[in-house]
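Report on the structure given below.
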Amino acid sequence: MRTRRGIGALAVTCALTLLGGTAATPALAAAPPLDEGFTDATATQPPAGWSVDNTNVDGMRTEWQGWSFHTPAEVVSAWGNSGDRGSFSRAEGMTAVVHSDANRPTQGRFSSVLWAPEVDLQSGDGAVRVVFDSHYKQGQAPQTAQLVARFDDEAPVVVESFARNRLDEQVDVSIPVPAGVDAVTVGWSYAESSNNWFWMIDDVQISEAPPADSTPRILSASKPVATAGAIVPVTIGGLRPGQQLTATWGDSAPPIPGIPVADAAGETSFSVTLPEDLAPGYVALSLGGAGIVSTSLEITVLAAGDPDSATTEPLLWFDGFEKDTWTTTGAWSLSTLDSVVGQHGTDRRHAFTRASGRIAVAEATEGAFSGTLTSAPIAVTAGDTLEVRLDSHYRKRGGGQQGSVTALFDDGTEAVLRELSDADEESARLRLPVAVPAGASSMSIRFGFEAASAAGSWMLDDVQVLRPLAPLAEGVEADAVVDIFSDVQGATTRLSQNVLPGFRAMPQAADVLVSNGDLVSTGSTANYTSYLSALAAGGGGDYGTVVSTIGNHEYYGSEGSAVYQKRFLDSTGMREVGGQGGLWGEVLVDGQLPLIWIGSEFYDYAAKTGSGPFIDFSQEQFTWLRDRLAHWRAQDKPVLLFSHHLLPYSVSGSYARFYKNDYGQEEARFAALLAQNPNVIMFNGHTHWSPTLNDWSAELRTDPSLAHAPTVVNTGAVTTMYGPSGDWEEKAVGGADPVGLRAALYDDRVRVTVYSFSSTGATEIKHVDVPRPTAAPVDPVDPVDPVDPVDPTLELSTQSVAAGGRVTIAATGFPADTEVEIELRSTPVRVGVATADADGAFRTTVTIPSTTPAGAHTLAVILPDGTEVTAPLTVTGAGEGPGGVAPGSGGGDAPSTGGGLAATGGEPGWFLLGGSLLLVALGGFLLARRRRAGS
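Heads up: the sequence shown is residues -6 to 928, going by the working numbering.
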């Protein structure tokens, strides 16, 4: 502890990664530095010139509400010596402390900011240096701890975030000062906390100083993914305004041209085009420049995926609302889930985990609603038995409301497939049988919604028409069987006496057992001994192979990541399973069903104390996974993929705060890889959420334009089951039995069944049938000539055109005398219409909007039934930058939406996390090709 001096002219910290300033020639002497040891503070009164801003601290312990002032001995006396409270060795005497462990407000969460005095900047050195002793223990989300700065009277900006345990350290930060700033104030913000841990600081020193070299911070995806030849957007922060960043492919290559200088916030954004000849793998983008610390950005390169897929369930038609092919009455709109929540609030809207890209929305919050949403005609065969499937999020609120799904046939017949009225159906998959009348050759699907003012809403996505699998014959044996459980965490009696005996009593015995993570509550030897004893007592030894995946609880404790990883591998025997050392690997179940597992290679519990991200993949593991999935996709094999952790907005619970960041920086490339492999069935644990929920299983459509997507399944838990509580939280489900799953391979499907296990045996809760992949896609039926399916082709006059330029399209093989629409994508913009002649051919020229961003795009020709033919097109010399003009926005070259359908929200996309673009589109086919209705 030091005495305070020089309070009259003080400086504080500025956002190292968000703000910067250009150093000026010093004209005045620097103000005396601040040196504050909190000697003059009392429990609730900060030193002279300092202040505390508290929010919602009522109900917290007296003299400990928000930031207060105590000695380390007083902290230990009041709260105990556990949890590292007594290890702040740098502290001397009085410290500033905010303590939230066992100290919460009456309701909700509290926030508190400790502000230093305002500092008049005098020297013009161009930066402020802030040094202080810090003792921070990380709490769970959404609690945040940040060093912040306020320049003049502007809003505070983040200097540095504390997102892990940082105990007993000295923090030393150099912050550039923006030009023209006269004063700065530093703050220590501890926000959105309730029953977390603590932050203690001492010996604060603030002074003007010359700026240090800028350390670039990657604000875009830190592990971006793309295909060869694709454009990768990059945003870098942490620079000083006016600094010139350089970027090269390797240290000896010429610099990439056109990178703007850093703006007033110290940021620059640019795009790089990957070389066309890159093989799948990794490429490093080297970053540097004068006064900039050298760093690199590694980009994962994937092979271009083929969107054509086929399964034993022929898909006749798919529409994910990414195209404007629907007509409406009333106020139906197209939007994104983020936009809907932003406009109307949460109130469970955000729990639509199945949503991807654009969705259809009927919302009665602000007034009565009456309207319909109708698809384009879909070619069908008379007498056929089909199924309409769709993702649905139906919220019942306030007054009366009614939803309906109706099939409209061209012979005038109508069939009501489903009605919804008085009950919520959150994130459901509707499966609606439909029989095609004898006189029908086409069908449209109509959604109707009627609601009183201030009633609820209905959101829809991913509508499909398919020929469903036949019922599975009674008593037929599977070709391969796998038993699955997860999340034991000390519930060893439930494992040994309920789950395992229930599996072994089933008619067909499995030879492979999977324990999908969180075998133990912490990684101690005693916990493994207890778990393995229960596994043996329940009959685990009867299985030929037992696969154990590593979760997060295996890493919990104070012995360190390497110790816990070794203990997991040694205790479970996984080093000898799967051929890859145990954390990841593969077995072929009964010689027919590939089973792959993956796992994190590092987790720092001391720093993160149970918060995410949890996943850390090496390039070795990711490359291996990429290659094995490609191997089995080429053979049209279904793949069971096990990961304890889950992607956001996938299965039940994945929207909740605690589960939205499991994969962290690995998320973009992992999700992109899954999009290339719709034959994958992925099993996730971690949430413990009940399998009775509608989104226990779902299709994970990370690319919203693709009809086929991987299936994801929640493995529930052997220990306590959970479910939703309010908008964001969760609560235990009282009296719920432990659950387990069985995956069984049949000739035409993989059936995944979830069971509850009581003392009397297993009871099926539900199952999902996932069709097996097949070699050849099913060609859609030509509504003009059902006997002779169409096979249209496109030829472009050029493969590359400047924004504002023109492209001629020559087409053949279309239905005679049929009008088609022509769209430019990624953001769909209609650029023309054409009509095929009597021979099914047409030739037309379209203009590329001048606002089109540079990069890889697609021209799509769309038939009335939604079938489309596409060809790749590279646009150069973009005008206004990314995004173009959104459909329905009424600006630029964008058309109005047909039938009065409003389109709102951002560009279709799934990876919008933390404001960073996390996925580069995996497009760019080299040949014009048709996207079939089932692809």
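Where is the CB? At the ideal position from N, CA and C, for every residue including glycine. Computed from a predicted model, the values in this text were never measured in an experiment.
Please state if the CB of residue j and the CB of residue i are separated by a distance shorter than 8 Å.
| i | j | result |
| --- | --- | --- |
| D161 | F81 | yes |
| R744 | L465 | yes |
| R742 | D762 | yes |
| R823 | E812 | no |
| S105 | D46 | yes |
| P494 | G532 | yes |
| P606 | N654 | yes |
| P631 | I674 | yes |
| A849 | I224 | yes |
| F635 | T704 | no |
| G859 | T318 | yes |
| V327 | R351 | According to the sequence as given, residue 327 is Leu; it is not Val. Yes, Cβ-Cβ distance for L327 and R351 is below 8 Å. |
| E315 | S793 | no |
| T446 | A357 | Going by the sequence as given, residue 446 is Ser instead of Thr. Taking 8 Å as the Cβ cut-off, S446 and A357 qualify as a contacting pair. |
| G79 | V69 | yes |
| M193 | A89 | yes |
| I199 | L27 | yes |
| A853 | R799 | no |
| L410 | V427 | yes |
Report, in whole angstroms, the separation of the C-beta atoms of residue i and residue j, which I expect to be a contact under 8 Å.
| i | j | result |
| --- | --- | --- |
| S751 | N491 | 7 Å |
| N545 | S645 | Actually they do not touch by this definition, with Cβ atoms about 18 Å apart. |
| A664 | T695 | 4 Å |
| V469 | Y739 | 7 Å |
| T178 | W108 | 6 Å |
| L640 | L693 | 7 Å |
| D720 | R157 | Rounded, the Cβ-Cβ distance is 27 Å, inconsistent with contact. |
| P226 | S264 | 5 Å |
| G449 | Q394 | 6 Å |
| H637 | G510 | 3 Å |
| S349 | D196 | Contact doesn't hold; Cβ gap of about 51 Å is too wide. |
| A503 | V474 | 4 Å |
Return the chain-ordered list of same chain residues with a C-beta closer than 6 Å to the C-beta of residue i, the five sequence neighbours on each side being excluded.
| i | result |
| --- | --- |
| R626 | N670 and N672 |
| G52 | P98 and T99 |
| G281 | T239 and S287 |
| V456 | D312 and L383 |
If you follow the beta strand (DSSP E) that residue i is part of, which residue opens it and which one closes it?
| i | result |
| --- | --- |
| L586 | L586 to W590 |
| K724 | E722 to A725 |
| V673 | V673 to N677 |
| A755 | G754 to P764 |
| S363 | F362 to T367 |
| R662 | Here R662 belongs to no beta strand (DSSP E); instead the alpha helix (DSSP H) covers E660 to A668. |
| P865 | E861 to T869 |
| S751 | R742 to S751 |
| P169 | R159 to P169 |
| Y129 | A120 to K130 |
| A555 | Segment S554 to T565 is the alpha helix (DSSP H) holding A555; no beta strand (DSSP E) there. |
Starting from residue i, follow the alpha helix (DSSP H) in both directions and report where the run begins and ends.
| i | result |
| --- | --- |
| D331 | L330 to H337 |
| S523 | T518 to A530 |
| D28 | Careful: D28 lies outside any alpha helix (DSSP H), inside the beta strand (DSSP E) at L27 to E29. |
| G495 | L493 to R497 |
| P717 | From DSSP, P717 is part of no alpha helix (DSSP H) but of the beta strand (DSSP E) over Y715 to S718. |
| R619 | Q612 to A627 |
| Y598 | Y598 to K601 |
| W181 | Unbroken run through W181 is the beta strand (DSSP E), A176 to S186; no alpha helix (DSSP H). |
| R390 | Unbroken run through R390: none, as it is neither H nor E. |
| W72 | P65 to W72 |
| L114 | Counting along the chain, L114 falls outside any alpha helix (DSSP H), and DSSP gives it neither H nor E. |
Using a Cβ-Cβ cutoff of less than 8 Å, which residues in the same chain neighbour residue i once the five nearest sequence positions on both sides are dropped?
| i | result |
| --- | --- |
| S514 | Q482, G483, N520, H546 and Y549 |
| S207 | G13, P169, G231, L232, R233, Q236, G259, G284, I285 and V286 |
| A471 | Q501, A737, L738, Y739 and R744 |
For residue i, list the residues DSSP reports as bridge partners.
| i | result |
| --- | --- |
| G825 | I815 |
| N96 | In the DSSP output, where bridge partners are listed per residue, N96 has none listed. |
| N707 | N677 |
| G226 | The sequence shown places Pro at residue 226, rather than the Gly named in the question. P226 is bridged to S264. |
Looking only at its chain, what residues have a beta carbon closer than 7 Å to the beta carbon of residue i, apart from the 5 residues adjacent to it on each side?
| i | result |
| --- | --- |
| G877 | Note that G877 has pLDDT 30, beneath the 50 cutoff, so the model's placement of it is unreliable and no number is given. |
| Y387 | G396, L413, D417, E418 and W451 |
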